[in-house]
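Residues -11 to 477 (the working numbering) make up the sequence shown, in order.
Here's the structure we're looking at; comments come further down.
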Amino acid sequence: MVVDLVLRNGNVVSPAGTFPGGVAVSGGKIVLVATEAALPSSAKRTIDAGGNYILPGLVDPEGHPAGYIPLKDTLGSETRGALASGVTTWGLQLTSTVIGEMGGLPAVERVRPFGEIMPLFQEIGNESSRVDYFLTPIVTTDEQVSEIPQLAERHGLTSYKFYMHMKQGPNVKSQWYAQKSMGFPGFDDGTVYLGMENVARIGPPGIVSIHPENWEIVRIFEDRLLKAGRKDMAAWDDRSPHFCEAGHVWTYGYYAKVTGCPFYIQHVTTQETLDVIQKLRADGVKVYGQTSACYLSLDHDVWKVNVPLRDRETMDKLWAAVRDGTVDCSGTDHVMVPKSREEMEVKGDVWATISGFPSRVEGYLPVMLSQGVNKGRISLERMVQLCCENPARIFGLYPKKGVITPGADADLVIVDLDLGREVKREMIHSAAGWSIYEGWEMKGWPVMVILRGKVVMEWPADAPKARMVGEPIGRYLPRRPGHQTYPID
């Protein structure tokens, strides 16, 4: 049999181990994973991996490619950035407002239900996304959480997110206008409880995720810091103490227990949260923790972001939790901010600096390889589990995604662990045009990405930036309510 594609002379990586060999592909699916001698001799195309490592395509469970401007204007550029970092499946977390046409306050007095917006979402995605994608709706109203059973049945939407720091409404006056313009009218715990009830009724892989950060308390600390004259970047960390994160995890973890709803924590950044996760698990709650590359590489003196970057000691504890399994997943929490660094940063004034740095997805795999694998903090196999297999399992896409096995989609990343590059602005594909990691020397880079059997990104060692290959071929991924695994052909 002549297959479509053979990758030879590589080292194939899975959480179970790494072996020398390659992968054969036909019809966009993996048909064989084998040692060199057992690979097919005939193929329409053969790629020599050059002794490099062959990983599954990364499954990033959290990206926000829109927020400040509508999705149709951002998805193309941001998925180019995702491919440059080896991400082939992206979990987009969006409000219905940013999927549609954004505007000022009058345009969002009624937040549209997702049932109305899904045809537009899939149209935008299938036209401009360079990666396969699924949606985790950011729900903000009783109307939206009431439509969860229908969304699961009709559109395969099984994961939902609550921005807990956006609950409080006009009490945090500095944020209120921006919240409403992006589709956050304020909500209460009744909305959260109803959402958990409805997600629990879906069955697997139904799950509720939260951004845990209690801004109802944070505002008190913000007032105190302002009165004390603090303007340094680390004040943003002090504004949102560790207990404000852990307290939300404890509270909503208990609601998850009461409702029987699986529970996913975005932005695990503190030891206190890690302790709560362990206690919830001991109490029978199905709870998962996610951290992000930025929390594993940047400290609170670098920038302001929500949840805040923390201190170096806490960063070391997060790496330990990644190793021991307390943290299940990593993600990018990529945000597309359509401004240059010079427009965002007011040096010496954290309050005037715009929160959130862009291009996080483009730094994702290089950070995990350079700061994690190559510095001995985690093994390559554990990184694959963290960044590929676990998110695919949790969000109902495994083994279609997240693993190199016969029948899975042929989403593959060739990685050169010895390749060193300095991060430069001209590398960036995101429309924001800059990276917080500029000037960093990173060791370990993706050199080729394959999506469903097609080469979609190439990055030769001497090229200034990753090159996209072909037109966008990304497709929407509905999950299958009632099936934790995604059956493969």
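Just so you know, even glycine gets a beta-carbon here, dropped at the ideal spot from N, CA and C.
The model shown is predicted, which means the values in this text are computed figures rather than measured ones.
Asked	Found
As assigned by DSSP and simplified to three states, the class of Q278	strand
Helix, strand or coil at Q81 according to DSSP, with G and I counted as helix	strand
Separation of A72 from E141, as counted between CA atoms	34 angstroms
Spatial distance of H288 from C282 (CA atoms)	10 angstroms
CB contact flag (I392, P44, <8 angstroms)	yes
Distance, S358 Cα to V403 Cα	12 angstroms
Closest residue to F251 among E260, T239 and Q259 (Cα-Cα distance)	T239
Closest by C-alpha distance to W203, when choosing among N186, D226, F345 and M221	D226
Option nearest P460 by Cα separation, candidates W78, V86, E111 and R118	R118
Cβ contact check for the segment 67 to 81 and the segment 23 to 39: 3 or more pairs under 8 angstroms	no
Contact belief for G144 with M324 at Cβ below 8 angstroms, rounded distance in angstroms	Wrong, their Cβ atoms sit about 25 angstroms apart, outside the cutoff.
Nearest neighbour of V180, chosen from Y243, P192 and Q138 [CA to CA]	Y243
Three-way DSSP call (helix, strand, coil) for F383 in this model	coil
DSSP-derived helix/strand/coil call for E260	helix
The segment 310 to 324 in contact with the segment 344 to 363 per 3-pair CB rule at 8 angstroms	yes
Coil, strand or helix - G92 by DSSP	Reliability fails at G92, whose pLDDT of 44 lies under 50, so the model's placement of it is uncertain and the value that follows must be treated cautiously. DSSP places G92 in coil when its eight states are reduced to three.
Terminal residues of the beta strand (DSSP E) in which C232 lies	Looking at the DSSP string, C232 is not in any beta strand (DSSP E); the run it does join, the alpha helix (DSSP H), is H230 to T247.
Beta-bridge pairing of T6 - partner residues as DSSP gives them	V1
Which of helix, strand or coil DSSP assigns to P389	In the sequence on display, residue 389 carries Lys and not Pro. Coil at K389, not helix or strand.
Reduced DSSP secondary structure (H/G/I, E/B, other) of F175	coil
Alpha carbon of P3 to alpha carbon of L400, nearest angstrom	15 angstroms
Proximal residues to H471 (C-beta, below 8 angstroms), its chain only, five neighbours per side dropped	P192, P193 and G384
Every unbroken alpha helix (DSSP H) inside the segment 358 to 443 [4 residues or more]	368 to 372 and 378 to 382
CA nearest to the CA of L182, picked from K219, I136, L213 and K215	I136
Spatial distance of L(-7) from G38 (CA atoms)	16 angstroms
Same chain, Cβ closer than 7 angstroms to K412, five either side skipped, listed in chain order	E426
G15 versus A396: straight-line alpha-carbon distance, rounded	11 angstroms
As assigned by DSSP and simplified to three states, the class of H322	strand
Whether V47 touches G462 by CB criterion (8 angstroms)	no
G360 CB to nearest heavy atom of the ligand ZN below 7 angstroms	In the structure on display, the ligand ZN does not appear, and there are no ligands present to speak of.
Residue from R455, L262, V256 and L268 with nearest C-alpha to C249	L268
Contact under 8 angstroms by Cβ, V99 with T128	yes
Start and end residues, alpha helix (DSSP H) containing R51	According to the sequence as given, residue 51 is Gly; it is not Arg. Counting along the chain, G51 falls outside any alpha helix (DSSP H), though it belongs to the beta strand (DSSP E) covering L46 to H52.
Residue from F150, H199, I205 and A31 with nearest C-alpha to G178	F150
F209, DSSP secondary structure in three states	helix
Cβ-Cβ distance between P101 and E66 below 8 angstroms	no
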